[in-house]
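One structure below.
Protein chains: 2
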Amino acid sequence: MDINVKDVKEILKEEGYKLTTQRKAILDAILENHEKHLNPEEIYNIVKLKCPDIGIATVYRTLQLFEKLNIVCRVNFDDGYNRYELIYDTEQHQHHHLICLNCGKVIEVKMDLLETLENEIEREYGFSIVDHNVKFFGYCSDCEK
Amino acid sequence: MDINVKDVKEILKEEGYKLTTQRKAILDAILENHEKHLNPEEIYNIVKLKCPDIGIATVYRTLQLFEKLNIVCRVNFDDGYNRYELIYDTEQHQHHHLICLNCGKVIEVKMDLLETLENEIEREYGFSIVDHNVKFFGYCSDCEK
DNA sequence: TTTCACCTGCTTATAGTTCTCAATACTAGC
DNA sequence: GCTAGTATTGAGAACTATAAGCAGGTGAAA
Ligand SMILES: [Mn+2]
Ligand SMILES: [Mn+2]
Ligand SMILES: [Zn+2]
Ligand SMILES: [Zn+2]
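The listed protein sequences correspond, in order, to chains A and B. Counting in my numbering, the first sequence runs from 1 upward without gaps. Counting in my numbering, the second sequence runs from 1001 upward without gaps.
The structure is reproduced here in structure tokens:
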């Protein structure tokens, strides 16, 4: 289910890119924090521990590359950063996110349950849907009390 | 149904703000382009026609104020701009957007159809939903051909 | 080992947005 | 209407996330 380093090496190679030390370190940082939706700066700080000479430009460049190759995808929580997460083979659409308005926690929702709505949209608007982006704002169970 | 200048004047007054010439001009620009999801620069250019001395800082400040007072809301189409649209009294949740990956057109969807999903989420995660943000990416009827 | 395209870190540039501040415009109380 | 006090403004500088330019480094293929 999870994408791993070997898979990424394959994907890069196929497109003529190399899995350099820096790229592997960035990938590791994302793999080891797969639920955290890191931004470039957070990734930079994690990677610097093992790879102290890395420049932040490399982090940005690598994330763009990974995004182009569908290894990661960008998510936007409207906090002024681009954030990134792995794309899993098992999901054909991006999963949904619940964002707590009180504590800022982000919860992932694997249920899709959009078929009815998507069918309605395709029928009503003649719009053929490729992907979606769904966020719910509210209060998590901890903050609701 | 539509919010109007008088309503806004009321809302501002209640909170101790004034409906200045500049604020009215910005509101007008948004009202007259209610389907367009303008960004601050576009608003600035429209407003400058009737209000040539306005500074762009005033546009940014006013949009922030309108957002705080729930007169407009910010929408993000991942094109590097904040965009703004009026909030209508009739909708309790933000409407959905269809974004064409080919021509960039943005279509509004007034059907909500998220009750099943939202109920599932409230039940399964104990997360109490206040609002949502739903975007569909794909190809519009013109581009599909 | 030589070649050559890829890749890197450093630095500078870009662009959307916010901040600072002095000047101006309103408003309420006289 | 005048005055005092507050809200608002425009201009420009500052900020911040990200991208671009460049010269040197790296590593696989010949
Ligand atoms: Mn996620
Ligand atoms: Mn809209
Ligand atoms: Zn919470
Ligand atoms: Zn289209």
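Glycine included, C-beta positions come from ideal geometry on N, C-alpha and C.
Listed in chain order, which residues are found with a beta carbon closer than 5 Å to a heavy atom of ligand 2?
B:E1085, B:E1108
Since I129 (chain A) contacts G1138 (chain B) with CB under 8 Å, what's their CB separation in whole angstroms?
Translated into the one-based positions of the first sequence, residue 129 (chain A) becomes position 129. Translated into the one-based positions of the second sequence, residue 1138 (chain B) becomes position 138. Yes, I129 (chain A) and G1138 (chain B) are in contact; Cβ-Cβ is about 4 Å, under 8 Å.
CA-CA distance, I3 (chain A) and I26 (chain A)?
In the first sequence, the residue the question calls residue 3 (chain A) occupies position 3. In the first sequence, the residue the question calls residue 26 (chain A) occupies position 26. Straight-line Cα distance between these residues: approximately 14 Å.
CB contact check: L1101 (chain B) to chain A, cutoff 8 Å:
The residue labelled residue 1101 (chain B) in the question sits at position 101 within the second sequence. Yes, L1101 (chain B) counts as interfacial toward chain A.
Do T21 (chain A) and C51 (chain A) come within 8 Å of each other at the CB atom, strictly closer than that value?
On the first sequence, residue 51 (chain A) is found 51 positions in, with the first residue counted as 1. On the first sequence, residue 21 (chain A) is found 21 positions in, with the first residue counted as 1. It is a contact, given that the beta carbons lie within the stated cut-off.
Going by CA-CA distance only, name the one from A:Y17, A:L31, A:L113 that's closest to R61 (chain A).
In the first sequence, counting from the first residue as 1, residue 61 (chain A) sits at position 61. Residue A:Y17 is the option with its Cα nearest to R61 (chain A).
Using three-state DSSP, classify I1054 (chain B) as helix, strand or coil.
If you number the second sequence from 1, residue 1054 (chain B) lands on position 54. Three-state DSSP puts I1054 (chain B) in coil, outside helix and strand.
For Y84 (chain A), the nearest candidate out of A:L63, A:V8, A:N102, A:Q94 (CA to CA)
As a position in the first sequence, residue 84 (chain A) is number 84, starting the count at 1. Of the listed residues, the one whose Cα sits closest to Y84 (chain A) is A:L63.
Chain-order list of residues whose beta-carbon lies under 6 Å from that of H34 (chain A) (same chain, five-residue window excluded):
In the first sequence, the residue the question calls residue 34 (chain A) occupies position 34. These residues qualify, in order along the chain: L86.
Run of the beta strand (DSSP E) containing Y139 (chain A), from where it starts to where it stops:
The sequence position of residue 139 (chain A) within the first sequence is 139, counting from 1. That run of the beta strand (DSSP E) goes 128–139.
Can Y125 (chain A) and I1107 (chain B) be called in contact, C-beta distance under 8 Å?
The residue given as residue 125 (chain A) occupies position 125 in the first sequence. The residue given as residue 1107 (chain B) occupies position 107 in the second sequence. In this structure, I1107 (chain B) lies closer than 8 Å to Y125 (chain A) by Cβ.
Residues within the region 116–129 of chain A neighbouring chain B, beta-carbon criterion of under 9 Å:
T116, L117, E118, E120, I121, E122, E124, Y125, G126, F127, S128, I129
Determine the contact status of D1078 (chain B) and C1103 (chain B), defining contact as a CB-CB distance below 8 Å.
Translated into positions along the second sequence, residue 1078 (chain B) becomes position 78. Translated into positions along the second sequence, residue 1103 (chain B) becomes position 103. Their beta carbons are not under 8 Å apart, which means D1078 (chain B) does not touch C1103 (chain B) by this criterion.
Please identify, using Cβ separations under 7 Å, the residues of the region 1069–1081 of chain B that lie next to chain A, in order along the chain.
N1076, D1078
Taking C-beta pairs closer than 9 Å, name the residues in chain A that L1098 (chain B) reaches, listed in chain order.
Taking the second sequence and counting its residues from 1, the one referred to as residue 1098 (chain B) is at position 98. The contacting residues are I121, Y125, F127, I129.
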